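Heads up, the thing below is written out as structure tokens.
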Amino acid sequence: MLDFLVSTIEAELLSDMLWSLGVVAVEEREASAGFVTLRTSMGEDHSVTRNFIEETFPTVRVSIAHIDRSVADTWRNHAVPTWVNRAVVLCPAWVTSPTAMHVISIEPGETFGLGNHPTTVLALRLGLKHCAPHSRVFDLGCGSGVLAIGMTKILGCKSFVYDIAHNAKEVVRVNEELNQVHTTWCSDFNTLKVDLVFVNILAPVLVAESDSIKNSVCDSGLIVLSGMRDNQVDDVLLSYNDCNELERESQDGWTAVVLRRL
Numbered sequence: 003m004l005d006f007l008v009s010t011i012e013a014e015l016l017s018d019m020l021w022s023l024g025v026v027a028v029e030e031r032e033a034s035a036g037f038v039t040l041r042t043s044m045g046e047d048h049s050v051t052r053n054f055i056e057e058t059f060p061t062v063r064v065s066i067a068h069i070d071r072s073v074a075d076t077w078r079n080h081a082v083p084t085w086v087n088r089a090v091v092l093c094p095a096w097v098t099s100p101t102a103m104h105v106i107s108i109e110p111g112e113t114f115g116l117g118n119h120p121t122t123v124l125a126l127r128l129g130l131k132h133c134a135p136h137s138r139v140f141d142l143g144c145g146s147g148v149l150a151i152g153m154t155k156i157l158g159c160k161s162f163v164y165d166i167a168h169n170a171k172e173v174v175r176v177n178e179e180l181n182q183v184h185t186t187w188c189s190d191f192n193t194l195k196v197d198l199v200f201v202n203i204l205a206p207v208l209v210a211e212s213d214s215i216k217n218s219v220c221d222s223g224l225i226v227l228s229g230m231r232d233n234q235v236d237d238v239l240l241s242y243n244d245c246n247e248l249e250r251e252s253q254d255g256w257t258a259v260v261l262r263r264l
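First residue of the sequence shown: 3, per my numbering; consecutive thereafter.
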């Protein structure tokens with residue numbers, strides 16, 4: 003587990019970042035006056051995400067807390083299904099699923115999202131709405147593979163996935179087996195051309211990687227951007243001014259947008 007000692011002023015911003023990075027739980031603990039400690043798990047190899055956070059929040063102090071596995075996994079007792087729309091539900095693999103037309107079973111592993119965060123729900127909802135069946139789909143920053151697996155299982159898409167996290171590939175494979183689908187791991191996607199790309203990552207990365215993101219889709223292809231706070235959307239879209247916005251949806255202060263590449 004990682005402990006982030008942060009000022010109360012920045013605590014909400016850091017918490018939002020942790021959720022958007024795909025953690026499955028964040029515990030807020032009291033610290034000294036004017037500070038709180040945010041505790042979460044990022045798996046065994048957390049160097050990349052930890053460095054990113056320390057660069058973004060230079061005043062935050064990070065330390066490692068060694069927690070017994072049985073204690074660390076108590077959050078699982080409180081996990082519940084999440085509805086994407088009236089027909090689709092994302093369900094923790096160890097929870098009895100509700101009756102639905104489409105049930106996507108998810109095992110998040112140690113660090114990846116369960117699919118219940120608004121950024122994931124909004125992205126999948128827009129993808130299912132705008133993507134044609136049997137399209138080629140790429141989930142860049144796939145985490146546990148929720149988006150790609152959902153599109154493959156429901157629309158019969160041919161899906162490609164990639165994430166920099168060291169254990170993402172293993173977690174995706176577990177979720178493929180749970181849902182009886184197959185995706186293709188694609189670490190070299192510079193020549194990949196798909197009909198739709200999902201990018202559910204932080205707003206600064208959506209800007210920094212905008213050219214690579216746009217180049218991954220074919221002409222008139224779709225781009226689903228998520229991971230943005232409501233007040234970040236306009237700034238992010240400046241890097242996508244060669245695309246047409248088709249729709250956007252917001253939930254709990256987060257916004258996802260679907261674009262068409264011109």
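Every residue, glycine too, gets a C-beta built ideally from N, C-alpha and C. Nothing here was measured: the structure is a model prediction, and the numbers come from that model.
Near residue i, which residues of its chain fall below 7 Å by C-beta distance, leaving aside the five closest residues on each side in sequence?
i      : result
Asn177 : Ile108, Glu109, Ser146, Gly147 and Ile151
Gly143 : Asp165, Val201, Asn202 and Ile203
Lys2   : What the structure shows of the chain is the stretch from 3 to 264, and residue 2 is not part of that stretch, so it cannot be assessed.
Leu248 : His132, Val260, Leu261 and Arg262
Arg31  : Val38, Thr39 and Arg41
Leu135 : The question names Leu, but residue 135 is Pro in the sequence shown. The residues are Leu157 and Gly158.
Ile56  : One point to set straight first is that residue 56 is Glu, not Ile, in the sequence displayed. Excluding sequence neighbours, Glu56 sits near Val62 and Val64.
Leu194 : Phe140, Phe162, Cys188 and Ser218
Ala81  : Pro94, Val97 and Leu116
Within the continuous beta strand (DSSP E) that includes residue i, where are the two ends?
i      : result
Lys160 : Lys160 to Tyr164
Gly129 : Element bounds for Gly129: not the beta strand (DSSP E) but the alpha helix (DSSP H), Pro120 to His132.
Gly223 : Val219 to Arg231
Asn246 : Cys245 to Gln253
Arg175 : Arg175 -> not in any beta strand (DSSP E); alpha helix (DSSP H) instead, spanning Ala170 to Asn181.
Thr257 : Trp256 to Arg263
Asp190 : Run containing Asp190: none; DSSP gives neither H nor E here.
Leu198 : Val196 to Asn202
Leu116 : Unbroken run through Leu116: none, as it is neither H nor E.
Cys93  : Val90 to Pro94
Arg63  : Arg63 to Ile66
His104 : His104 to Ile108
Pick from the options: whose alpha carbon is nearest that of residue i?
i      : options                     : result
Glu14  : Met3, Asp5, Val38 and Ser34 : Val38
Gly117 : Cys93, Lys131 and Val139    : Cys93
Val97  : Glu32, Arg31 and Asn79      : Asn79
Met19  : Ala205, Gln253 and Ser189   : Ala205
Tell me which same chain residues have a C-beta within less than 6 Å of the C-beta of residue i, skipping the five on either side of it?
i      : result
Trp21  : His119
Ala258 : Leu124, Ala125, Leu128, Ser228 and Glu251
Lys160 : Arg138
What number of angstroms, rounded off, separates the C-alpha of residue i from the C-alpha of residue j?
i      : j      : result
Val86  : Met153 : 12 Å
His68  : Ala210 : 34 Å
Leu2   : Cys133 : The structure shown does not extend to residue 2, since the chain spans only 3 to 264, so no value can be given for it.
Glu29  : Leu264 : 43 Å
Glu12  : Asp221 : 41 Å
Ser34  : Trp77  : 26 Å
Arg175 : Gly36  : 43 Å
Asp213 : Val219 : 11 Å
Asn217 : Asn243 : 14 Å
Thr122 : Leu149 : 7 Å
Leu7   : Phe54  : 16 Å
Asn192 : Phe162 : 13 Å
Gln1   : Asn246 : In this structure the chain extends from 3 to 264, so residue 1 is not present and cannot be described.
Phe59  : Ala27  : 20 Å
Ser189 : Leu198 : 17 Å
Asp232 : Gly115 : 20 Å
Ala95  : Thr185 : 19 Å
Asp236 : Gln253 : 16 Å
For residue i, which residues from the same chain have a beta carbon less than 8 Å from its beta carbon, with the 5 sequence-adjacent residues on both sides left out?
i      : result
Ala91  : Per the sequence presented here, residue 91 reads as Val, with Ala not at that position. Cβ within range, chain order: Pro83, Thr84, Trp85, Ser99, Pro100, Ala102, His104, Val105 and Ile106.
Leu208 : Val201, Ile215, Leu227, Gly229, Met230, Val238 and Ser241
Leu4   : Arg41, Thr42, Ser43, Met44, His48, Arg52, Val64, Ser65, Ile66 and Ala67
Leu130 : Val86, Asn87, Val90, Gly152, Met153, Ile156 and Leu157
Would residue i and residue j qualify as a contact pair, given that the criterion is a beta-carbon distance under 8 Å?
i      : j      : result
Leu224 : Leu180 : no
Ser9   : Thr61  : yes
Val183 : Phe140 : no
Val173 : Gly111 : yes
Along the chain, where does the alpha helix (DSSP H) containing residue i start, and where does it finish?
i      : result
Pro206 : Ala205 to Ala210
Thr98  : Segment: none, Thr98 is in no alpha helix (DSSP H) and carries neither H nor E.
Val238 : Val235 to Leu239
Val148 : Val148 to Leu157
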